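These protein sequences, in sequence, are chains A and B. Counting with numbering that gives the first Met the number 0, you get residues 0 to 446 for the letters of the first sequence. Counting with numbering that gives the first Met the number 0, you get residues 0 to 289 for the letters of the second sequence. Every residue gets a Cβ at the ideal spot worked out from N, C-alpha and C, and that includes glycine. Only a predicted model underlies this, so the values are computations on that prediction, with no experimental measurement involved. What follows is a set of notes on a single structure, which appears directly below.
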Amino acid sequence: MNKSIIKSCLSMTMVVAMTASLIACGTNGTSTDTKAADTQVADTTKVETKAPVKLTYPTYRVGTHASAAFEKEQLAKFNEKFGKEIEVVVEEIPSDTAYNDKLKILAASGDLPDVVMGKNGINEILIKGNLATPFNEYMDKDAEWKSEIGDAALASNTRDGKIWSISDQKQIVGYFYNKEMFEKAGIKPAETWDEFMTNCDKLKAAGFTPLAMMTGENAWTTNLLLAAIVGSSDAGNKFMNTLHPTSFETPEMVAGLKQIQVMLQKYTTKDALGAVYANAANNFCQSKAAIIANGPWMIGDFSDKTKSPEGFDKKVGISTYPGNGSFSTYEVGYMIGSKTQEAKDAAAKFIKYKTSIEGQSIALELGNVNPLSDKVQPSDAFKQKYPLFVETINVGNKSTLNYQVFDSLVFPNVTDAWKSLYPELAFDKATAEEIAKKLTDTSAKNK
Amino acid sequence: MSKNKGYISLFLLPTIVLFLIVYAVSLVVLVGTSFTEWSTGTKPIFIGIENYVKMFTDDSDFRRSLLNTGIWILLQSTIHVLIGVVFALILNMKQFYWKFARTVYMVPNIISGAAVGMLFLCILNPEFGAVNSIIRLFGVSDFSQNWFMDYGTSFLSVTMTWLPYAAIVSMLVLAEIAAISESLFESARIDGANEFQINLHIIIPMLRNIIGTCVILAGTSMLQKLDIIMMTTGGGPGNVTLNLPMYIYRTALMDNNFGYSNAIGVFLIIFGIALVMIYRGIFKIGKTNE
């Protein structure tokens, strides 16, 4: 009898313990006990003992990402200044793609983090679902912050009068070229696209692969070339400055795709089809290709001995695209995903720091990122270390034609479609017209 | 006996509760929203069977992904399992190398699918990949086949990242062989049977249940194959290597069309259940040998 009772008790205990452990797995670890204890302390110390507001902040700027260094520094400096009132809970996400996927799922389940980077269509989802908090109120109260961002940057992220995100950087993108290869081929940066294609022939004749392209991921370097080709005509320039184009079946786009087809077939490395950014960057840094379309964040790689041979940075030049064009856009930047007013205010404070003069300076010095404000100037040491960055600013100032990158204009499913469509183009499985139609159809599928 | 049943039910309760919370509720939501138009930031709107009609009548990518998935299920259920069974029979001979071979063969199966995808991206890279480099050593100096992106080789290349690696099948079959009574083999040897005849007439017939189980596991694994495809071809070039899980991912997270992707998900579940029932019928799993 006793044994039977002991057995029953033990069994019940184990069942309860198992159930409890399963339920406990999903609970939040935050404790309100500390807060309750704190409020019992004497009145004079009430402000000091208030628990810091927790902010959730997932970021892909980690590990070997080009922006990891400045992200880390900004977080460290913010914690130094505001750590007692705001606790930033950082979640490291190892890639841009993983970040995008995670944010979309969180948006669908109504569980957004407090601070969101709105790139790659995430801002569209949040705006459409009214899931983010506009910054108008904060800008109205803080003229200094507003001036540090600038009207142009604010306007680029304003829809129907609401400022949905705060940009953290300006993109000025031309293309980098290997000066040594250009010299041996007897060419200089092209002024027209016909001259650009002729230059590619001359580079090939001199024994060099002209272009470092890639069609994997978001086909970044290839799409910069396509966008620059399309954006070099009047109608094309309008297209390359229009958000969410519904039709890609324009003469400029078809002509651009035809030119890209030739580039993919004749003027690029053998691994361009399916290559990811790392492949294209490596091909340029290892002098396997003469030209790469990319932004100033790559400049640090040219003097990084783990990525480029010694002295490679001296061989690199930067140019505008034919037609004197360059990409000049403001990044989408940060959005507030918080639900409570306290968290929203804290998120705004965090974003304010990251986009302040100090935040922009850190991003410039450690990430080669173009600042929003003219008040942020590179230090003399920086200019000496990265003279190419100064040239980038000159490229931006010199260019008379500006366009935006495809990633900023098209729906996310179109950004994802390039990797499947470019091989069709390169292997002659589809014509440029057919690819343009497929892009249009893909765009129409977006909900 | 009733006391034992009581304890059994009690101990099963936490698992059942967890299953209901995690799977059953999700399943109900999945099926329910498959009849809606639903994207992030909008409420689901009931549209009847429109999503299901669209799948079969107006979506060439769905049909291609279904075809690819079907081919991979067939290949995995047959060739993959055959490789695993043959390898198990060879290991069962317990030659001097058998422990080493068993360990080495397990390696691809214990690495994550994403890591395998990354490995194969490097191995099959047109410029510096091991495969092309070896071929160049044999005199074809300019060989730079793009295995994953060339229309002629992409499907086969993707298939080869998982088809030959049947270590799990081998381990299951080997364990089943170990359970066969040694007296059967001794009797056969006394009657003059050689190893091949023993394998063919004694071992293989007794492996019916486990082979059937392996066929089910192998076939249904193709219904969840996403990681390697995502890391290598992304479903391309075009839709040559697109399968149902990849298409569901694309529809949900790229097209932002959760209603339609959930409809495809429901179809996938029904397809999987039908597959299991067919395989159980073919192999008569659970029935004794007559």
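message = Taking the beta carbon of A:G185 as the centre, do at least 16 other beta carbons fall within 10 Å, making it buried, or is it exposed?
response = That one is exposed.
query = Taking Cβ positions only, does A:V14 come closer than 8 Å to chain B?
reply = Judged by the 8 Å Cβ criterion, A:V14 is in contact with chain B.
key: chain B contacts made by the stretch 239 to 272 of chain A, where a contact means CB separation under 7 Å   = Answer in chain order: T268, K269, D270 and L272.
query = Residues of chain B with a CB under 9 Å from the CB of A:L130: which are they?
reply = At a beta-carbon threshold of 9 Å, the residues of chain B lying near A:L130 are T39 and G40, ordered along the chain.
query = How is A:L400 classed by DSSP in three states: helix, strand or coil?
reply = The answer is strand: DSSP assigns A:L400 an E or B state.
message = Along the stretch 412 to 430 of chain A, where does the CB come closer than 7 Å to a CB of chain B? Name the residues.
response = Residues N412, D415, K418, S419, P422, E423, F426 and K428.
ask   = According to the neighbour-count rule (16 or more other Cβ atoms, all chains shown, within 10 Å of its Cβ), is A:T220 buried or exposed?
value = Looking at its Cβ environment, which holds 16 or more other Cβ atoms inside 10 Å, A:T220 is buried.
task = Tell me whether the beta-carbon of A:A431 lies closer than 8 Å to the beta-carbon of A:L272.
result = In this structure, A:L272 does not lie closer than 8 Å to A:A431 by Cβ.
query = Under a three-way DSSP split, which group does B:V168 fall into?
reply = Three-state result, B:V168: helix.
request  = Would you decide whether A:Q264 is buried or exposed? Buried here means 16 or more other CB atoms lie within 10 Å of its CB.
outcome  = The residue in question, A:Q264, is exposed, as its Cβ has fewer than 16 Cβ neighbours within 10 Å.
task = Measuring alpha carbon to alpha carbon, tell me which of B:M117, B:V85 and B:I189 ends up nearest B:Y104.
result = Per the Cα distances, B:V85.
inquiry  = Cutting at 6 Å between CB atoms, please list the residues of its own chain near A:A205, excluding the five before and the five after it.
reply    = If the five residues before and after A:A205 are omitted, its C-beta is found closer than 6 Å to the C-beta atoms of K183 and A184, all from its own chain and listed in chain order.
task = Would you mind sorting B:V27 into buried or exposed? The rule is 16 or more other CB atoms within 10 Å of its CB.
result = B:V27 counts as exposed, since fewer than 16 other beta carbons sit within 10 angstroms of its beta carbon.
task = Determine the DSSP secondary structure at A:V409, reduced to helix, strand or coil.
result = Residue state for A:V409 is assigned as coil, using DSSP reduced to three classes.
ask   = According to the Cβ coordinates, are A:A226 and A:P321 closer than 8 Å?
value = No, they are not a contact pair.
ask   = In chain order, which alpha helix (DSSP H) runs of at least 4 residues are fully inside the stretch 123 to 158 of chain B?
value = For the stretch 123 to 158 of chain B, whole alpha helix (DSSP H) runs of length 4 or above, ordered along the chain, are 129 to 136 and 153 to 158.
query = Starting from A:S360 and walking both ways along the alpha helix (DSSP H), at which residues does that stretch end?
reply = For A:S360, the uninterrupted alpha helix (DSSP H) run begins and ends at I356 to G366, by DSSP.
query = B:Q196: buried (16+ other C-beta within 10 angstroms of its C-beta) or exposed?
reply = With fewer than 16 Cβ atoms within 10 Å of its Cβ, B:Q196 is classed as exposed.
message = According to DSSP, simplified to helix, strand and coil, what is A:E190?
response = If DSSP states are grouped into helix, strand and coil, A:E190 belongs with coil.
key: Proximal chain A residues relative to B:T232, where beta-carbon distance stays under 8 Å   = The answer, in chain order, is G273.
message = I need the straight-line Cα distance from A:T26 to A:A19, nearest angstrom please.
response = Low confidence applies to A:T26: its pLDDT is 45, below 50, so where it sits in the model is not reliable enough to give any reading.
query = Who does A:P57 pair with in a DSSP beta bridge?
reply = In the DSSP output, where bridge partners are listed per residue, A:P57 has A:E90.
inquiry  = Suppose you measure from the CA of A:D100 to the CA of B:L199; what does that come to, to the nearest Å?
reply    = Here the alpha carbon of A:D100 sits roughly 50 Å from the alpha carbon of B:L199.
Residue-chain proximity (A:D100, chain B), Cβ-Cβ < 8 Å = Yes, A:D100 counts as interfacial toward chain B.
ask   = Taking the continuous alpha helix (DSSP H) assigned at B:E212, which residues delimit it?
value = Reading off the sequence shown, one finds Thr at residue 212 of chain B, where the question assumed Glu. In the DSSP assignment, B:T212 falls within the unbroken alpha helix (DSSP H) covering R207 to S220.
A:L125 to B:R135 span [Cα, whole Å] = If you take the alpha carbons of A:L125 and B:R135, they lie about 51 Å apart.
query = Under the DSSP definition of a beta bridge, which residues are partnered with A:A292?
reply = According to DSSP, A:A292 bridges with A:Y174.
message = According to DSSP, A:Y333 sits in a beta bridge with which residue or residues?
response = A:Y333 pairs with A:M116 and A:I165.
query = How big is the Cα-Cα spacing for B:I272 and B:F61?
reply = If I take the Cα positions, the gap works out to 19 Å.
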